[in-house]
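If you read the sequences in order, they're chains A and R. Per my numbering, the very first residue in the first sequence carries number -1; after that it's consecutive. Per my numbering, the very first residue in the second sequence carries number 158; after that it's consecutive. Positions of the beta carbon are idealized from the N, C-alpha and C atoms, including for glycine.
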Amino acid sequence: MGLSKFLPNKTLIWKEWLNNWAFFSIFLGLVTFATSVTLFNEITTYLDELERGIITGDYFNSYAIYRILSFSDALLGFISVLLTIILAALMVGHERDHNTFNLLLAMPYSRRDLIYNKFVLGLGQVLTIFVFNALVMTVLVWAYSSIPFPFDATAIWAWALRSIVVLSFIFAFTMFISSISGTTLGNGILSLIFLFFPMGFPALIAVHLDYWTAQSAWNLIYDSKEIGFLLTVPTYIMDNIVLGHANLPLIYGVLVLLTGILYQLTKYLFARNRLENNGEVLMFEQLEGFFKLGVAVCFALLGGPLVINIFRMQATPSFVLISNVLMGVIFWFLVNWIIKWRKVAN
Amino acid sequence: MIKVEQLTKTYHTNPVLDNINLQVPRGSIFGLVGPNGAGKTTLIKLIMGILLPDQGRVYIDGVNVHQNPGIKSRVGYVSDYQNYYPNFRVQDMIRLYRETYTNWDAQRFAELAQVFKLPEGKKIKHLSKGMRAQLAILLNLSVSPAVLVLDEPTSGLDPVLRRQLLNIFLEEVARNETTIFLSTHNLNELERICDRIGIIHNGRVLFDESLEQMKQQIRKIQVAFAGEPPEGVLEQSTILKVERQGRVYTIVVRENVNQLMAELEKYRPLLLESVDMSLEDIFIYRMGGMGYGFEQIFTQ
């Protein structure tokens, strides 16, 4: 036994690959198009314009790539986050939707084998996408070393490393949610909500503090470095928020540690999954109360800001309060109905 | 050998299985019957380690299935609905099984492939229900199983293939001493191949006996006398039913059949013979005796 249990299972990896190669290709294609292909286009355009005398040799217009490498391009960051969530959500959701866990668990595989190999392939794919593009871009930078690039190979590899670390965490987080949620859609939506929840929840609180105490609570919350860093992990690759931070290695280290913890949690929860609940919103009935309350509270908090935003000065305190209560009650019943509907449909 | 001990399972708050105890000896065929929703598929999924029990244990060849999934390398499983990857081709499923099961028997696979003739290049989602069932049987027989768990394996198959398949199962037991656990609605199938039969209803096993034992316990006797039958002889407590057609009386007897035959013999009847009952008839009388109607169990 020993270390051999950490070796991926060739058959399970092949099976996963057969299921997700198309989606992986899309992911790889999009990132490659946004980075390597774009850099290559910028180089050929530069050389062409240089040859035609439109520009001089000391100016290289690499605005798009520079923005990506410095995490100022929110779009590629957001797309990468979204695609990673879908990648992980499909890995488990696809099995749940087609009841193929029944097939796998009737075979001589443990639940740990199934989850472990999904992690190996998923994280391997994220790694491949970014290492591949970092390699291509490094080769391009090296091959055209006469061009005055505003970045070097170190910046390229720092971008790849940071993307891999952040997206690995997001992959692990979505896998963790997939051990709780019973459908692909539920898995994806819950992962998105909870990944952005640390940013959205303080914002909701801040709006209410602003309104009820007439203080600038926004600043109170967002000026604080500690709370600032509680802003969601996805923003690490959508915004250059942590780039200049002195403790960057610590932040990366914590993320890697959290990824490991999430893997252990996923393994633990999946081993306790009642597969007869596949297709339901939650795999664990014990979580239903907490989940319903959480949804109701969040939407209750959203009710007030919505009214304030729409009606501005006409939004009286009682109107705001009623909106809060109303939204909370509506979503309490809605989430109840959805949970029951999925149970009946199952 | 399969051993099920005090197995209990609840879906949400509904009890589905209640303290199930069963034992299927090596090299025998056990048939499980019961109406839809009785808990057959749940019991099978628990035996296969797919579902987690609330209480109880399942052992295959003395090994706890839920704690040691490796034991399933010697177990084949054909479910009522084949949960295969819809985008896989037949050849992909063959590869998945071949690489998963270390005791994959390529020769057996080739033999069976001749019988089933499945299109290896076709995607699973384009196969009919019957073809999927054939694929599942082909794959699971090729893993050289010591135990074969079958949940409605012949549903969706035509009668010729169904008969062929039952013969294959019998051959498997004779050749490799395979233990078979079979769930079906078809009593004729059970009667043809099973050594032992269990009835499950509302999550409980109502009885679990060998077919031989069942047939010995309830029998039909046909008897004809020259005149009227002797006083009281057809009114014994072990006689469940008496029907008369001309001089011939058909008697359904529970227990002590030989004793009754000997007693009837004393009256020098014109005709006296013991006739085997069909499994369906046996069930009707057995279930009636337990307070269940046959329809309650088999036609829901």
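Residue i and residue j: beta carbons closer than 8 Å?
{"i": "Ile186 of chain R", "j": "Val330 of chain R", "result": "yes"}
{"i": "Leu295 of chain R", "j": "Thr311 of chain R", "result": "no"}
{"i": "Ile168 of chain A", "j": "Met281 of chain A", "result": "no"}
{"i": "Ser230 of chain R", "j": "Asp262 of chain R", "result": "no"}
{"i": "Val399 of chain R", "j": "Tyr424 of chain R", "result": "no"}
{"i": "Ser340 of chain R", "j": "Lys197 of chain R", "result": "yes"}
{"i": "Asn240 of chain R", "j": "Thr98 of chain A", "result": "yes"}
{"i": "Arg376 of chain R", "j": "Val414 of chain R", "result": "yes"}
{"i": "Val235 of chain R", "j": "Leu307 of chain R", "result": "yes"}
{"i": "Thr165 of chain R", "j": "Leu174 of chain R", "result": "yes"}
{"i": "Lys372 of chain R", "j": "Ile439 of chain R", "result": "yes"}
{"i": "Lys279 of chain R", "j": "Val247 of chain R", "result": "yes"}
{"i": "Ser176 of chain A", "j": "Gly292 of chain A", "result": "no"}
{"i": "Tyr209 of chain A", "j": "Ile320 of chain A", "result": "no"}
{"i": "Ile207 of chain R", "j": "Ala269 of chain A", "result": "no"}
{"i": "Leu275 of chain R", "j": "Thr9 of chain A", "result": "no"}
{"i": "Ile357 of chain R", "j": "Leu209 of chain R", "result": "no"}
{"i": "Ala153 of chain A", "j": "Leu67 of chain A", "result": "yes"}
Can you give me the C-alpha to C-alpha distance between residue i and residue j, rounded to a whole angstrom?
{"i": "Pro232 of chain A", "j": "Phe171 of chain A", "result": "11 Å"}
{"i": "Lys13 of chain A", "j": "Leu45 of chain A", "result": "45 Å"}
{"i": "Lys341 of chain A", "j": "Glu369 of chain R", "result": "43 Å"}
{"i": "Gly186 of chain A", "j": "Gly277 of chain A", "result": "14 Å"}
{"i": "Val215 of chain R", "j": "Arg109 of chain A", "result": "17 Å"}
{"i": "Leu246 of chain A", "j": "Glu93 of chain A", "result": "37 Å"}
{"i": "Gln457 of chain R", "j": "Met444 of chain R", "result": "Any answer about Gln457 of chain R is weak, because its pLDDT of 42 lies below 50 and its placement is not dependable; what the coordinates show is given next. C-alpha separation (whole angstroms): 15 Å."}
{"i": "Leu250 of chain A", "j": "Ala156 of chain A", "result": "It should be pointed out that residue 250 of chain A corresponds to Tyr in this sequence rather than to Leu. Spanning the two alpha carbons is a distance of roughly 11 Å."}
{"i": "Leu190 of chain A", "j": "Asp218 of chain R", "result": "46 Å"}
{"i": "Ala313 of chain A", "j": "Leu26 of chain A", "result": "48 Å"}
{"i": "Val79 of chain A", "j": "Ala270 of chain R", "result": "46 Å"}
{"i": "Thr30 of chain A", "j": "Leu299 of chain A", "result": "41 Å"}
{"i": "Ile162 of chain A", "j": "Leu304 of chain A", "result": "36 Å"}
{"i": "Gly120 of chain A", "j": "Val317 of chain R", "result": "46 Å"}
Do we get a CB-CB distance below 8 Å when we pair residue i with the residues of chain A?
{"i": "Thr456 of chain R", "result": "For Thr456 of chain R, the predicted structure reports a pLDDT of 48, less than 50, and the residue's modelled location is therefore unreliable. A value from the coordinates is still provided. False, the Cβ-Cβ gap to chain A never drops below 8 Å."}
{"i": "Lys229 of chain R", "result": "yes"}
{"i": "Tyr216 of chain R", "result": "no"}
{"i": "Thr257 of chain R", "result": "yes"}
{"i": "Asn240 of chain R", "result": "yes"}
{"i": "Leu296 of chain R", "result": "no"}
{"i": "Gly206 of chain R", "result": "yes"}
{"i": "Ser236 of chain R", "result": "yes"}
{"i": "Asn171 of chain R", "result": "no"}
{"i": "Asp175 of chain R", "result": "no"}
{"i": "Pro310 of chain R", "result": "no"}
{"i": "Tyr168 of chain R", "result": "yes"}
Assign residue i to one of two classes, buried (16 or more other C-beta atoms within 10 Å of its C-beta) or exposed (fewer than that).
{"i": "Glu346 of chain R", "result": "buried"}
{"i": "Thr42 of chain A", "result": "exposed"}
{"i": "Thr335 of chain R", "result": "buried"}
{"i": "Arg310 of chain A", "result": "exposed"}
{"i": "Ser34 of chain A", "result": "buried"}
{"i": "Gln262 of chain A", "result": "exposed"}
{"i": "Asp433 of chain R", "result": "exposed"}
{"i": "Asp56 of chain A", "result": "exposed"}
Looking at chain R, is there any beta carbon in it that lies within less than 8 Å of the beta carbon of residue i?
{"i": "Asn115 of chain A", "result": "no"}
{"i": "Glu286 of chain A", "result": "no"}
{"i": "Glu40 of chain A", "result": "no"}
{"i": "Leu103 of chain A", "result": "yes"}
{"i": "Glu274 of chain A", "result": "yes"}
{"i": "Thr98 of chain A", "result": "yes"}
{"i": "Thr9 of chain A", "result": "yes"}
{"i": "Ser177 of chain A", "result": "no"}
{"i": "Pro6 of chain A", "result": "no"}
{"i": "Pro303 of chain A", "result": "no"}
{"i": "Lys265 of chain A", "result": "no"}
{"i": "Glu47 of chain A", "result": "no"}
Which residues does DSSP pair with residue i in a beta bridge?
{"i": "Thr165 of chain R", "result": "R:Gln212"}
{"i": "Val306 of chain R", "result": "R:Tyr234 and R:Phe338"}
{"i": "Tyr234 of chain A", "result": "None, per the DSSP bridge assignment."}
{"i": "His358 of chain R", "result": "R:Arg361"}
{"i": "Tyr44 of chain A", "result": "None, per the DSSP bridge assignment."}
{"i": "Ile187 of chain A", "result": "Partner(s): none; Ile187 of chain A has no beta bridge."}
{"i": "Thr407 of chain R", "result": "R:Gln379 and R:Glu400"}
{"i": "Glu366 of chain R", "result": "R:Ile354"}
Compare the C-beta of residue i against all C-beta atoms of chain B and say whether one is closer than 8 Å.
{"i": "Pro243 of chain R", "result": "Of the protein chains in the structure, A and R, none is chain B."}
Any heavy atom of the ligand HEM inside 7 Å of the beta-carbon of residue i?
{"i": "Ala298 of chain A", "result": "With respect to the ligand HEM, the structure offers nothing, as it holds no ligand at all."}
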